[in-house]
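Trainee:
Numbering (the working numbering), first residue to last: 5 to 568.
1) Is there contact between the region 485–498 and the region 532–545, where contact requires at least three CB pairs shorter than 8 Å?
2) Just to confirm the assignment, what range does the alpha helix (DSSP H) spanning residue 261 have?
3) Rounded to whole angstroms, how far is the Cβ of residue 180 from the Cβ of residue 215, which I believe are closer than 8 Å?
4) Under the assumption that residue 559 contacts residue 516 (Cβ atoms under 8 Å), give the Cβ distance between them as a whole number of angstroms.
5) Evaluate residue 446 with the Cβ neighbour count: other Cβ atoms within 10 Å of its Cβ, from every protein chain shown; 16 or more gives buried, anything less gives exposed.
6) Can you tell me where the alpha helix (DSSP H) holding residue 300 begins and where it ends?
7) Could you tell me whether the Cβ atoms of residue 254 and residue 210 are closer together than 9 Å?
8) Please classify residue 141: does DSSP put it in a helix, a strand, or coil?
9) Give me whichever residues DSSP pairs with residue 135 in a beta bridge.
10) Residue ranges of each alpha helix (DSSP H) run of no fewer than 4 residues wholly in the region 461–531, ordered along the chain?
11) Alpha carbon to alpha carbon, how far is residue 242 from residue 310? Give it in angstroms, no decimals.
12) Using the C-alpha atoms, what's the distance from residue 147 back to residue 202?
13) Relative to the alpha-carbon of residue 75, which residue among 84, 108 and 52 has its alpha-carbon at the smallest distance?
14) Check whether the Cβ atoms of residue 130 and residue 100 sit closer than 9 Å, and answer yes or no.
15) Kindly list the residues whose CB is nearer than 7 Å to the CB of residue 400, restricted to its own chain and excluding five residues on each side of it in sequence; keep chain order.
16) For residue 72, count neighbouring Cβ atoms within 10 angstroms of its own Cβ and tell me buried if that reaches 16, exposed if not.
17) From what residue to what residue does the alpha helix (DSSP H) around residue 117 run?
18) Grouping DSSP H, G and I as helix and E and B as strand, with all else coil, what is residue 358?
19) Which word fits residue 39, buried or exposed, when buried means at least 16 other C-beta atoms lie within 10 angstroms of its C-beta?
20) Could I get the ranges of all uninterrupted alpha helix (DSSP H) runs contained in the region 69–98, with 4 residues as the minimum, in chain order?
21) Let me make sure I understand the geometry here. Which of 444, 452 and 428 has the alpha-carbon closest to that of residue 470?
22) Taking residue 334 and residue 383 to be in contact with their CB atoms under 8 Å, please state how far apart those CB atoms are, rounded to whole angstroms.
23) DSSP three-state label for residue 61, please.
24) Any idea what DSSP makes of residue 248, helix, strand or coil?
25) Can you tell me the Cβ-Cβ gap for residue 467 and residue 441, rounded? I've got them flagged as a contact below 8 Å.
26) Is it true that the region 57–66 meets the region 85–93, where meeting means three or more beta-carbon pairs spaced less than 8 Å apart?
27) Do residue 332 and residue 340 have their beta-carbon atoms positioned less than 9 Å apart in this structure?
28) Can you check whether the CB of residue 158 is closer than 9 Å to the CB of residue 125?
29) Measure from the alpha carbon of residue 173 to the alpha carbon of each residue in 405, 207 and 65, then state which is nearest.
30) Output needed for residue 53: all residues of its chain with C-beta closer than 8 Å, excluding positions within five of it in sequence on either side, in chain order.
31) How is residue 447 classed by DSSP in three states: helix, strand or coil?
32) Using the C-alpha atoms, what's the distance from residue 389 back to residue 563?
33) Going by Cα to Cα distance, which pick from 510, 462, 455 and 451 is closest to residue 480?
34) Runs of 4 residues minimum, wholly inside the region 149–207: which ones carry the alpha helix (DSSP H) assignment?
35) Quick check on residue 473: buried or exposed, where buried means 16 or more other Cβ atoms within 10 Å of its Cβ?
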């Protein structure tokens, strides 16, 4: 290090006269030292501060840089020499120096755990731009070194928070990899981008998913953007719109979509009129499975709903339960069922949607259509609007096999029941999952009025139910005389249909000892000679039961008709 023992001894003793000695001898660095370090650099490095202070006092160029382009100030931080660092600051040395590794004073401060150094320059105007050979800016570097105090200062100095290093990572990537949620939230508030992809196509949101705190991160972002609207921070909101202008992924948290939603929530027309120029926002559902139109209905912002309708949005978008906006409107009408004014406002939206040919036949996860929902919620006005709609399909069955007509019957909504039947759009002979038609339900429920109405509008009497029995056979076995009489009023059935055992209605009447029904069936042309699978006829069953009166009626009928 030293070429002269005297110089070496004086240096080791931290003798300030060394400076004067070298000056008097007019020695150059190469004359005295074996390397290129000057006296100040050596003194700083070895904490020979008496020598350093003397040399600094008389030095006419304290901004001199060494061969690594390092300033004395940088060296003081690097070698943890706080007294000399403080002295150099007092001397007003240049702060904005970048060394050969492209590292500024911030990098040196971040690398030194002694926070006293940073405290002395926290009020100084030090440039925060630039990055080192690893592509790290001072923020990324300071975070990696665990210097949150410096990070916060750099953020306040508006350092470029979305800067990427040589791997394409931002500081938010590193914060999330480090499970540092609180700092991640802060970075987002300063403009960190949650969808910035590194060179492995990994975004901060991907990291959050992997770590299991995606929902927490998402909620914090929503909370932050919401706070901007509450504070009416239009400038920051506009910046977010610019930063995320290319964000077209709606399966994740979409910032422009969120801003559009909050502009609706807070009735911020200025922001809404900025986002309505992006048609994608009105033709997508967000990560919660809802469209902006659905949110308008939920929030009661019907003017915005009308605007979106006139912007040619996709009105048939479905949420994660496969519900269109019509489902939302019907639920809101039910919620305000005692407020006629609100109901009228929502009915206007329904009319607008119907005019635009919304698909009213879409089924939700339960298989219900909007009409079925309206029936379940007992909303007659909505029911009327939907039944009158020309494209309504009244024959759709839900997951329980129930049609709108069946649901109306179950809900004892006889007004709707009759309205659907009279419309002649519904198949009144459809079976539910229990293989029952409305006609059978009316029979089982002893509802003769509806039974008669169904027959009047063409209910099929020849449908086979459990065991292959027809409605007449079941009525006979259930001994429901009024219903049997009603069936005979229509006479539009096959009198000789056989069930799974081969029995006809006549045989069932014989087995039930029902003389009047036997007579009625024979008058309708029932064939007494049909055999069941046991080779028995109606006559044989009558004789087996010793019911000679029925046997006589059958014999008389057979002779009259010339049947053996």
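Beta carbons are placed, not taken as given, at the ideal position from N, Cα and C, and that holds for glycine. Computed from a predicted structure; not experimentally measured.
Mentor: Considering the structure as presented:
1) no
2) As a working mapping, residue 261 is identified with position 257 in the chain shown. Its alpha helix (DSSP H) spans residues 259–269.
3) Indexing the chain shown from 1 puts residue 180 at position 176. Indexing the chain shown from 1 puts residue 215 at position 211. Right, the Cβ-Cβ distance comes to about 7 Å (below 8 Å), so this counts as a contact.
4) On the chain shown, position 555 is the one that residue 559 refers to. On the chain shown, position 512 is the one that residue 516 refers to. Not confirmed; about 19 Å, so no contact.
5) Position 442 of the chain shown holds residue 446. So residue 446 counts as buried.
6) Your numbering for residue 300 matches position 296 in the chain shown. Counting along the chain, the alpha helix (DSSP H) containing residue 300 begins and ends at 296–303.
7) Counting from one through the chain shown, the residue named residue 254 turns up at place 250. Counting from one through the chain shown, the residue named residue 210 turns up at place 206. The answer is no: Cβ separation not under 9 Å.
8) Stepping through the chain shown from its first residue, residue 141 is reached at position 137. If DSSP states are grouped into helix, strand and coil, residue 141 belongs with the strands.
9) For this step, residue 135 is matched to residue 131 along the chain shown. Partner(s): 141.
10) 475–481, 485–494, 509–515 and 519–527
11) Residue 310 sits at position 306 when you count from the first residue of the chain shown. Residue 242 sits at position 238 when you count from the first residue of the chain shown. If you take the alpha carbons of residue 310 and residue 242, they lie about 24 Å apart.
12) Sequence index remark: in the chain shown, residue 202 carries index 198 (1-based). Sequence index remark: in the chain shown, residue 147 carries index 143 (1-based). Cα-Cα distance, rounded: 18 Å.
13) Taking the chain shown and counting its residues from 1, the one referred to as residue 75 is at position 71. If we check each option's Cα against that of residue 75, 108 comes out closest.
14) Counted from its first residue, the chain shown places residue 130 at position 126. Counted from its first residue, the chain shown places residue 100 at position 96. Contact: yes.
15) Locating residue 400 in the chain shown gives position 396, where the first residue counts as 1. Cβ neighbours of residue 400 beyond the five flanking positions: 365, 367, 373 and 407.
16) On the chain shown, position 68 is the one that residue 72 refers to. Classification for residue 72: exposed.
17) Sequence index remark: in the chain shown, residue 117 carries index 113 (1-based). Careful: residue 117 lies outside any alpha helix (DSSP H) and carries neither H nor E.
18) To locate residue 358, count along the chain shown from 1; it is residue 354. Correct three-state label for residue 358: helix.
19) Within the chain shown, the letter at position 35 stands for residue 39. Residue confidence for residue 39 is low, a pLDDT of 48 falling below 50, so the modelled location carries little weight; the figure read from the coordinates is stated next. Per the 10 Å Cβ criterion, exposed.
20) 76–82 and 86–94
21) As a position in the chain shown, residue 470 is number 466, starting the count at 1. The candidate whose alpha carbon is nearest that of residue 470 is 444.
22) Taking the first residue of the chain shown as 1, we reach residue 334 at position 330. Taking the first residue of the chain shown as 1, we reach residue 383 at position 379. Yes, they are in contact, since the Cβ atoms of residue 334 and residue 383 sit about 7 Å apart, within 8 Å.
23) Taking the first residue of the chain shown as 1, we reach residue 61 at position 57. The answer is helix: DSSP assigns residue 61 an H, G or I state.
24) For the purposes of this step, residue 248 is taken as residue 244 along the chain shown, with counting starting at 1. Of the three classes helix, strand and coil, the one that applies to residue 248 here is coil, per DSSP.
25) Counted from its first residue, the chain shown places residue 467 at position 463. Counted from its first residue, the chain shown places residue 441 at position 437. Right, the Cβ-Cβ distance comes to about 6 Å (below 8 Å), so this counts as a contact.
26) yes
27) Here the question's residue 340 lines up with position 336 in the chain shown. Here the question's residue 332 lines up with position 328 in the chain shown. No; because the gap between Cβ atoms is not below 9 Å, this pair is not in contact.
28) Position 121 of the chain shown, counted from the first residue, corresponds to residue 125. Position 154 of the chain shown, counted from the first residue, corresponds to residue 158. Not a contact, by the Cβ cut-off of 9 Å.
29) Translated into the one-based positions of the chain shown, residue 173 becomes position 169. Out of 405, 207 and 65, 207 has the C-alpha closest to the C-alpha of residue 173.
30) Mapped onto the chain shown, residue 53 falls at position 49. So the qualifying residues of the chain are 18, 47, 85, 87 and 88.
31) Translated into positions along the chain shown, residue 447 becomes position 443. Residue 447: helix per DSSP, three-state reduction.
32) Taking the first residue of the chain shown as position 1, residue 563 is located at position 559. Taking the first residue of the chain shown as position 1, residue 389 is located at position 385. Residue 563 and residue 389: Cα-Cα distance of roughly 60 Å.
33) Indexing the chain shown from 1 puts residue 480 at position 476. Comparing Cα-Cα distances from residue 480 to each of 510, 462, 455 and 451, the minimum goes to 510.
34) 152–160, 175–181 and 185–193
35) Position 469 of the chain shown, counted from the start, is the residue given in the question as residue 473. Buried: at least 16 other Cβ atoms inside 10 Å.
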